[in-house]
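Numbering (my numbering), first residue to last: 4 to 821.
Ideal Cβ placement from N, Cα and C applies to all residues, glycine included.
Note sheet for the following structure.
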């Protein structure tokens with residue numbers, strides 16, 4: 004269908020709808036109408052995402068009890084030429100393949116008693132054995148609790164389905180089967196193989212014959228024919244050409260384009276027919292695909308009772324992936340997303356579904372529709388006027404441990420998916436972590452709110468009638484980048500009287516000490532806390548009732564914003580002032596604890612007795628400092644909402660602002676707690692375009708250092724020889740050899756280990772040039788420096804920290820909010 008308006012049913016209410024949109028409904032739902040203003044908001048949200056280059060275009064389909072609204076937006080291709088999006092565009096389904104191809108295929112064979120859910124996988128794939136894999140069941144594959152990792156490697160020269168199965172059979176389990184939710188593509192291409200072996204039919208032929216042909220899903224299938232290429236939305240451009248009609252997923256591509264986890268192509272109209280069949284409990288237009296009990300089985304919770312991540316068989320129900328549900332569709336609705344920008348969410352309670360298909364990774368991977376999906380889910384429910392979502396009989400009850408707000412790593416009884424469990428958080432101490440099993444390439448689907456966003460939503464109620472001093476800089480802003488200064492200045496019944504600036508100044512652009520000044524926009528005085536004094540003076544506080552702190556920290560002990568928080572907190576306590584922390588996420592996650600706990604006296608770069616990575620938000624750290632330093636401040640933390648501790652910053656949907664001149668991206672923030680230790684001893688790239696991603700010195704032979712470091716085999720990082728000339732700080736103006744650090748797996752890279760390995764190697768290779776003692780003021784652990792000089796292994800160095808880290812864990816637990 005073209006992009007012009009097509010009105011399938013003319014009613015007075017629909018005259019409110021304008022632009023290029025489609026609306027239709029069946030005779031059975033004559034009283035059903037969508038709220039026109041909410042449909043308009045959906046249009047606006049999608050068009051805004053296109054304008055912001057989060058996707059080139061897309062197709063929306065919303066349906067409720069036979070009434071549907073569907074429309075194409077934007078373009079489907081930019082390369083090699085611009086093509087407009089059309090409703091009949093065919094999309095790479097990506098992981099929606101799991102629930103539109105693999106899951107229904109498995110469930111048909113379960114219905115026919117050819118596959119048993121609680122049978123070991125080895126029954127169907129005999130070579131799937133060793134390392135405890137004999138205990139993995141079909142049900143555990145479908146629920147992503149098999150213990151297998153996310154995917155197999157794709158860099159070596161292998162091809163074909165059987166090669167992939169061989170690699171899967173050689174995998175070692177990451178966790179005991181049935182004990183932990185870990186989203187895994189391996190699970191589903193193994194399931195696809197089971198379908199082929201049991202049915203004696205290739206997967207693509209089985210689903211075409213048993214599902215797509217009976218449902219008249221004429222544009223759905225694997226490896227689309229050349230006749231349909233013109234309608235296919237291309238994905239990533241590689242080598243000057245986009246993938247078009249070729250699956251984007253690298254594993255599925257190496258498997259020949261057909262796999263249980265990816266490879267399917269479809270249109271929105273076809274997917275709508277499939278969703279309609281599920282809402283009808285297995286039948287559509289007189290054709291029965293499933294028995295009703297089969298549909299109910301696969302779309303209700305099948306993970307063990309008590310698991311924070313609730314999954315059906317294939318289907319997502321209540322996990323960190325559930326963003327397309329939005330804020331209104333009830334718990335117990337179900338759906339799935341796809342890496343290319345596809346999503347489907349189905350609500351059996353209201354008899355509704357919402358589809359959004361896009362090729363957000365065309366022409367590159369820079370697109371992101373996570374927040375858009377969630378917004379569309381919320382608006383789709385709001386568009387339905389005849390259903391009371393406030394009272395949904397049969398809906399699931401929210402768990403105390405919500406998967407959107409806590410780690411998905413849980414312990415459970417593996418004996419049966421129906422047995423009661425006693426979840427317990429598992430921890431690993433190298434480094435100390437409670438890491439999520441959600442792959443890091445997945446973004447959070449939830450709109451995370453910083454403290455300032457919550458304060459704005461509350462209309463500043465907590466600050467009413469107060470005269471305020473604001474401790475902030477350029478990072479103090481809401482989700483829409485409105486500065487906290489402006490928001491408080493214009494807040495009703497609030498009087499903002501003074502500003503206090505940390506290191507780098509109120510605009511975050513200065514690398515030297517800063518003096519007092521006046522804010523040009525507001526006329527307010529700016530008192531520097533990184534000049535002649537680091538702590539507010541009593542005379543600066545005398546006309547204030549409270550201090551408000553809103554600065555984005557990066558979760559590292561020697562990053563000075565924590566000291567500014569601590570000293571202003573002390574000043575508030577000493578002067579009987581209220582103290583508000585507008586909390587913010589820890590951008591490098593708040594579960595990984597690493598590095599030695601500070602020894603000896605504190606300083607501005609070692610303010611409190613915590614490790615290098617302390618895994619707390621600035622609000623939680625304020626609670627610790629207020630108690631342990633006896634500040635006696637009247638402290639209030641305005642909490643972050645909809646955030647999980649294990650999220651990295653790019654998974655939150657929050658806008659990035661460089662927290663300081665030399666932390667310009669998340670990679671640099673991740674590396675900083677390690678590489679920052681070296682900055683007095685060698686150049687760490689200050690005065691280059693990539694600070695903290697490189698290190699070097701005039702005496703270093705770059706290729707030799709890179710070879711030495713790579714041979715150490717540190718996980719999650721590679722070292723590339725590089726030469727550069729820094730224009731600032733250590734070795735300014737001197738041509739230097741060194742290494743560029745390529746972060747390949749941030750979840751497993753111990754950045755403190757990286758720094759210690761670099762230090763040990765430099766001291767061994769260049770003992771006359773490299774001075775480990777220059778790390779002392781930031782490391783604050785002399786035994787570690789001596790161990791570096793002695794060439795002791797990292798494992799021995801780490802062991803020396805453990806007693807203090809265990810004590811810190813106990814201290815920290817009292818102050819955690821999230």
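Between the C-alpha atoms of residue 63 and residue 341 there is a straight-line separation of about 15 angstroms. For residue 311, no pairing in a beta bridge is given by DSSP. Less than 9 angstroms divides the Cβ of residue 682 from the Cβ of residue 689.
According to the DSSP assignment, residue 45 belongs to the alpha helix (DSSP H) that extends over 39-54. Where residue 639 is concerned, the enclosing beta strand (DSSP E) starts and stops at 637-641. When DSSP states are grouped into helix, strand and coil, residue 327 belongs to the helix group. Just measuring C-alpha positions, the residue of 664, 652, 658 sitting nearest residue 673 is 652. Proximity to residue 336 across 607, 346, 323, 355 peaks at 355, based on C-alpha coordinates.
Beta-bridge pairing by DSSP links residue 348 to 338, 357. Taking C-beta separations shorter than 6 angstroms and ignoring five residues to either side along the sequence, the partners of residue 262 in its chain run 192, 195, 255, following chain order. Between residue 37 and residue 386, the gap from beta carbon to beta carbon is short of 9 angstroms. For residue 745, the number of other beta carbons within 10 angstroms of its own is below 16, and it is reported as exposed. It is roughly 11 angstroms from the alpha-carbon of residue 375 to the alpha-carbon of residue 346. Measuring C-alpha to C-alpha distances from residue 519 to each of 461, 529, 686 identifies 529 as the nearest. Bridge partners of residue 721 according to DSSP: 745. Look at residue 140 here: in three-state DSSP terms it is strand.
Under the 10 Å beta carbon count, residue 543 is surrounded by 16 or more other beta carbons and is classified as buried.
Per the C-alpha coordinates, the member of 218, 242, 220, 249 positioned closest to residue 233 is 249. Taking residue 802 as reference, the option from 779, 776, 820, 597 with the minimal CA-CA separation is 597. Of the other Cβ atoms in all chains shown, 16 or more fall within 10 Å of the Cβ of residue 41; this residue is therefore buried. Ranked by how close their Cα comes to the Cα of residue 362, the residues 726, 275, 57 have 57 in first place.
Residue 550 sits close to residue 571, with the two beta carbons spaced by under 9 angstroms. Taking a 10 Å sphere around the C-beta of residue 324, we find 16 or more other C-beta atoms and assign the residue as buried. The closest CA to that of residue 224, considering only 211, 663, 565, 218, is found on 211. Taken through DSSP and simplified to helix, strand or coil, residue 550 comes out as strand.
Within the segment 445-515, the alpha helix (DSSP H) runs of at least 4 residues that lie entirely inside it are, in chain order, 454-460, 487-492. Residue 790 and residue 332 have their C-alpha atoms spaced approximately 57 angstroms apart.
Judged by pairs of C-beta atoms under 8 angstroms, the segment 690-710 touches the segment 719-737, as three or more such pairs exist.
Between the alpha carbons of residue 454 and residue 584 lies a distance of about 8 angstroms. Where residue 675 is concerned, the enclosing alpha helix (DSSP H) starts and stops at 669-678. Nearest C-alpha to residue 77 among 162, 236, 222, 83: 236. When C-alpha distances from residue 173 are compared across 142, 180, 326, 131, the shortest belongs to 131.
Shown here, residue 63 sits in a strand according to DSSP, grouped into three states.
In this structure, residue 327 lies near residue 338, with their beta-carbon atoms less than 9 angstroms apart. Rounded to whole angstroms, the separation of the alpha carbons of residue 393 and residue 293 is 31 angstroms.
124 is the residue among 129, 124, 147, 91 whose C-alpha sits nearest the C-alpha of residue 139.
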